[in-house]
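The structure under discussion appears below in the form of C-alpha coordinates.
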Amino acid sequence: AGVDTKFIEQHRALLSELLDIVLPAEQVDTDARGVRAFEQRYGFTPKPTPIRFRILDPTLAIAGLTDISIPVEQFAELQVAVEHVFITENEINGLAFPPYPKSLVIFGLGYGLQLLQQVEWLKQRSITYWGDIDTHGFAMLEQVRHYLPQTHSILMERQTLLDHRAFWGEEQTPTQRTLPLLTEEEQALYQLLLKQELAPQLRLEQERIGYTSLCQALSRLQNPEENG
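In our numbering, the protein residues as written are 440 to 667.
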(Lines of atoms letter the chains of each structure in order from A and count residues from 1; the text may use other names and numbers.)
(Lines give C-alpha, C1' and ligand atoms only; values in the text may rest on other atoms or scores of the structure.)
Protein backbone atom coordinates (compact mmCIF):
# COMPACT_ATOMS: atom_id res chain seq x y z
CA ALA A 1 0.00 0.00 0.00
CA GLY A 2 1.06 3.58 -0.56
CA VAL A 3 -0.19 7.12 -0.44
CA ASP A 4 -2.19 8.39 -3.41
CA THR A 5 -0.32 11.24 -5.12
CA LYS A 6 -3.58 13.12 -5.55
CA PHE A 7 -4.04 13.05 -1.76
CA ILE A 8 -0.59 14.60 -1.34
CA GLU A 9 -1.27 17.28 -3.95
CA GLN A 10 -4.57 18.22 -2.29
CA HIS A 11 -3.21 18.33 1.27
CA ARG A 12 0.29 19.77 0.89
CA ALA A 13 -0.26 22.61 3.36
CA LEU A 14 -1.44 20.26 6.13
CA LEU A 15 1.25 17.70 5.35
CA SER A 16 3.90 20.44 5.47
CA GLU A 17 2.85 21.36 9.00
CA LEU A 18 3.00 17.73 10.10
CA LEU A 19 6.30 16.92 8.39
CA ASP A 20 7.96 20.03 9.83
CA ILE A 21 7.08 18.68 13.28
CA VAL A 22 7.89 14.99 12.92
CA LEU A 23 10.96 15.02 10.66
CA PRO A 24 14.46 15.63 12.05
CA ALA A 25 15.69 19.12 11.18
CA GLU A 26 18.49 17.78 8.98
CA GLN A 27 15.91 16.07 6.74
CA VAL A 28 14.08 19.32 5.93
CA ASP A 29 15.43 21.71 3.29
CA THR A 30 14.37 24.98 4.91
CA ASP A 31 15.40 27.00 1.85
CA ALA A 32 12.65 25.27 -0.16
CA ARG A 33 9.43 27.15 0.52
CA GLY A 34 5.94 27.29 -0.86
CA VAL A 35 3.65 24.66 -2.35
CA ARG A 36 5.77 24.24 -5.48
CA ALA A 37 8.84 23.36 -3.40
CA PHE A 38 7.07 20.66 -1.35
CA GLU A 39 9.02 17.74 -2.87
CA GLN A 40 12.39 19.46 -2.52
CA ARG A 41 11.70 20.46 1.09
CA TYR A 42 11.00 16.90 2.24
CA GLY A 43 13.14 14.86 -0.14
CA PHE A 44 10.40 13.45 -2.35
CA THR A 45 11.10 12.72 -6.01
CA PRO A 46 9.38 15.54 -7.91
CA LYS A 47 7.55 15.20 -11.18
CA PRO A 48 9.54 16.62 -14.11
CA THR A 49 9.51 20.41 -14.25
CA PRO A 50 9.29 21.83 -17.77
CA ILE A 51 11.24 24.88 -18.84
CA ARG A 52 8.88 27.66 -19.87
CA PHE A 53 10.32 30.49 -21.93
CA ARG A 54 9.29 33.29 -24.24
CA ILE A 55 11.27 34.34 -27.27
CA LEU A 56 11.46 38.12 -27.01
CA ASP A 57 12.59 38.69 -30.59
CA PRO A 58 9.74 37.80 -32.99
CA THR A 59 12.21 37.22 -35.82
CA LEU A 60 13.50 34.19 -33.88
CA ALA A 61 10.11 32.55 -33.32
CA ILE A 62 10.13 28.76 -33.64
CA ALA A 63 7.51 27.73 -36.20
CA GLY A 64 5.66 30.90 -35.29
CA LEU A 65 5.74 30.10 -31.56
CA THR A 66 7.17 32.46 -28.96
CA ASP A 67 5.72 31.11 -25.67
CA ILE A 68 6.96 27.56 -25.23
CA SER A 69 7.12 24.97 -22.44
CA ILE A 70 9.31 21.89 -22.97
CA PRO A 71 11.25 19.32 -20.91
CA VAL A 72 14.71 20.43 -19.87
CA GLU A 73 16.26 17.71 -22.05
CA GLN A 74 14.69 19.31 -25.13
CA PHE A 75 15.59 22.81 -23.98
CA ALA A 76 19.21 21.66 -23.67
CA GLU A 77 19.13 20.72 -27.37
CA LEU A 78 17.38 23.90 -28.48
CA GLN A 79 18.92 25.69 -31.44
CA VAL A 80 17.84 29.31 -31.44
CA ALA A 81 20.03 32.30 -32.31
CA VAL A 82 19.65 34.19 -29.04
CA GLU A 83 22.58 36.09 -27.56
CA HIS A 84 20.95 37.12 -24.29
CA VAL A 85 18.89 35.09 -21.81
CA PHE A 86 16.83 36.66 -19.05
CA ILE A 87 15.74 34.59 -16.06
CA THR A 88 12.90 35.89 -13.93
CA GLU A 89 11.36 34.33 -10.86
CA ASN A 90 7.73 35.35 -11.30
CA GLU A 91 5.44 33.97 -14.01
CA ILE A 92 3.54 37.23 -14.48
CA ASN A 93 6.78 39.11 -15.06
CA GLY A 94 7.85 36.54 -17.61
CA LEU A 95 4.57 36.85 -19.47
CA ALA A 96 4.73 40.66 -19.45
CA PHE A 97 8.43 40.92 -20.34
CA PRO A 98 8.86 43.42 -23.20
CA PRO A 99 10.48 42.66 -26.56
CA TYR A 100 14.28 42.57 -26.61
CA PRO A 101 16.52 41.77 -29.59
CA LYS A 102 18.09 38.32 -29.93
CA SER A 103 16.80 37.28 -26.50
CA LEU A 104 14.50 34.97 -24.60
CA VAL A 105 13.22 34.94 -21.03
CA ILE A 106 12.95 31.86 -18.80
CA PHE A 107 10.42 32.21 -16.01
CA GLY A 108 8.54 30.54 -13.18
CA LEU A 109 11.17 28.00 -12.11
CA GLY A 110 11.52 29.12 -8.48
CA TYR A 111 14.03 26.86 -6.75
CA GLY A 112 13.83 24.60 -9.82
CA LEU A 113 16.66 26.74 -11.13
CA GLN A 114 18.99 23.78 -10.69
CA LEU A 115 17.59 22.47 -13.98
CA LEU A 116 19.58 25.13 -15.79
CA GLN A 117 22.87 23.41 -15.00
CA GLN A 118 21.84 20.76 -17.54
CA VAL A 119 21.79 23.33 -20.36
CA GLU A 120 25.32 23.70 -21.67
CA TRP A 121 24.56 26.34 -24.30
CA LEU A 122 23.54 28.82 -21.59
CA LYS A 123 27.21 29.04 -20.61
CA GLN A 124 27.89 30.78 -23.93
CA ARG A 125 25.14 33.39 -23.54
CA SER A 126 24.82 36.66 -21.69
CA ILE A 127 22.60 35.98 -18.64
CA THR A 128 20.54 38.47 -16.64
CA TYR A 129 18.59 37.45 -13.53
CA TRP A 130 15.66 39.38 -12.08
CA GLY A 131 14.11 38.26 -8.80
CA ASP A 132 12.43 39.57 -5.67
CA ILE A 133 14.43 41.90 -3.46
CA ASP A 134 14.41 39.67 -0.40
CA THR A 135 16.75 37.12 1.11
CA HIS A 136 15.41 34.26 -1.02
CA GLY A 137 15.63 36.36 -4.16
CA PHE A 138 19.34 36.84 -3.55
CA ALA A 139 19.73 33.15 -2.68
CA MET A 140 18.24 32.28 -6.07
CA LEU A 141 20.58 34.74 -7.78
CA GLU A 142 23.46 33.01 -6.01
CA GLN A 143 22.17 29.66 -7.24
CA VAL A 144 22.01 30.81 -10.86
CA ARG A 145 25.49 32.34 -10.63
CA HIS A 146 26.83 29.05 -9.30
CA TYR A 147 25.78 27.38 -12.57
CA LEU A 148 26.30 30.43 -14.80
CA PRO A 149 29.05 32.66 -13.37
CA GLN A 150 28.55 35.33 -16.03
CA THR A 151 25.09 36.19 -14.63
CA HIS A 152 24.26 39.82 -13.91
CA SER A 153 21.25 41.02 -11.93
CA ILE A 154 18.74 43.67 -12.87
CA LEU A 155 16.37 45.70 -10.67
CA MET A 156 17.80 44.09 -7.53
CA GLU A 157 19.72 47.08 -6.20
CA ARG A 158 19.16 49.46 -3.30
CA GLN A 159 17.78 52.31 -5.42
CA THR A 160 15.03 50.13 -6.88
CA LEU A 161 14.08 49.10 -3.34
CA LEU A 162 13.94 52.71 -2.13
CA ASP A 163 12.04 53.89 -5.22
CA HIS A 164 9.26 51.37 -4.47
CA ARG A 165 8.90 51.94 -0.73
CA ALA A 166 5.11 52.11 -1.04
CA PHE A 167 5.09 48.47 -2.16
CA TRP A 168 7.29 46.97 0.54
CA GLY A 169 6.04 43.76 2.10
CA GLU A 170 7.21 41.22 4.65
CA GLU A 171 9.17 38.06 3.93
CA GLN A 172 7.66 35.30 6.04
CA THR A 173 10.66 32.98 6.39
CA PRO A 174 13.94 34.74 5.51
CA THR A 175 17.01 32.64 4.81
CA GLN A 176 20.26 33.28 6.68
CA ARG A 177 22.53 31.64 4.13
CA THR A 178 25.99 32.92 3.33
CA LEU A 179 26.04 34.02 -0.32
CA PRO A 180 29.66 34.50 -1.43
CA LEU A 181 28.89 34.85 -5.14
CA LEU A 182 27.01 38.14 -4.81
CA THR A 183 28.66 41.31 -6.10
CA GLU A 184 29.72 43.96 -3.61
CA GLU A 185 26.56 46.00 -4.24
CA GLU A 186 24.29 42.95 -4.04
CA GLN A 187 26.01 41.76 -0.87
CA ALA A 188 25.54 45.15 0.78
CA LEU A 189 21.80 45.04 0.11
CA TYR A 190 21.56 41.40 1.21
CA GLN A 191 23.26 42.23 4.50
CA LEU A 192 20.92 45.19 4.95
CA LEU A 193 17.97 42.82 4.58
CA LEU A 194 19.48 40.32 7.01
CA LYS A 195 20.05 43.03 9.61
CA GLN A 196 16.53 44.40 9.03
CA GLU A 197 17.87 47.94 9.00
CA LEU A 198 15.09 49.43 6.86
CA ALA A 199 12.12 47.31 8.01
CA PRO A 200 11.47 43.92 9.63
CA GLN A 201 11.85 41.01 7.20
CA LEU A 202 11.65 43.40 4.27
CA ARG A 203 10.83 42.23 0.78
CA LEU A 204 9.93 43.86 -2.50
CA GLU A 205 8.22 41.39 -4.80
CA GLN A 206 9.29 41.87 -8.39
CA GLU A 207 5.73 42.12 -9.67
CA ARG A 208 5.44 45.31 -7.62
CA ILE A 209 8.08 46.99 -9.76
CA GLY A 210 6.54 49.16 -12.45
CA TYR A 211 6.67 48.21 -16.12
CA THR A 212 8.26 51.57 -16.89
CA SER A 213 11.10 50.81 -14.48
CA LEU A 214 11.70 47.51 -16.25
CA CYS A 215 11.73 49.13 -19.69
CA GLN A 216 14.17 51.79 -18.48
CA ALA A 217 16.47 49.15 -17.00
CA LEU A 218 16.40 47.16 -20.25
CA SER A 219 17.16 50.31 -22.23
CA ARG A 220 20.22 50.94 -20.05
CA LEU A 221 21.27 47.33 -20.52
CA GLN A 222 20.95 47.62 -24.28
CA ASN A 223 22.63 51.05 -24.37
CA PRO A 224 25.30 51.12 -21.61
CA GLU A 225 26.23 54.71 -22.48
CA GLU A 226 22.94 55.75 -20.83
CA ASN A 227 24.49 54.81 -17.48
CA GLY A 228 26.67 57.88 -17.77
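Glycine residues also receive a C-beta, built at the ideal position from the N, C-alpha and C atoms.
- The Cβ atoms of L621 and L587 do not sit closer than 8 angstroms to each other.
- Non-local beta-carbon contacts of T505 in its own chain, meaning distances under 7 angstroms to residues more than five positions away in sequence, involve R493, I494, P497 in chain order.
- Annotation: the continuous beta strand (DSSP E) that includes D506 extends over 506-509.
- Bounds of the beta strand (DSSP E) holding F525 are 523-527.
- For R493, the enclosing beta strand (DSSP E) begins and ends at 490-494.
- Taking a C-beta distance under 8 angstroms as the contact criterion, P537 and L657 qualify as a contact pair.
- The criterion of a C-beta distance shorter than 8 angstroms is satisfied by G608 and R642.
- Where T567 is concerned, there is no enclosing alpha helix (DSSP H), although the beta strand (DSSP E) around it starts and stops at 565-569.
- Between Q640 and E596, the CB-CB gap reaches or exceeds 8 angstroms.
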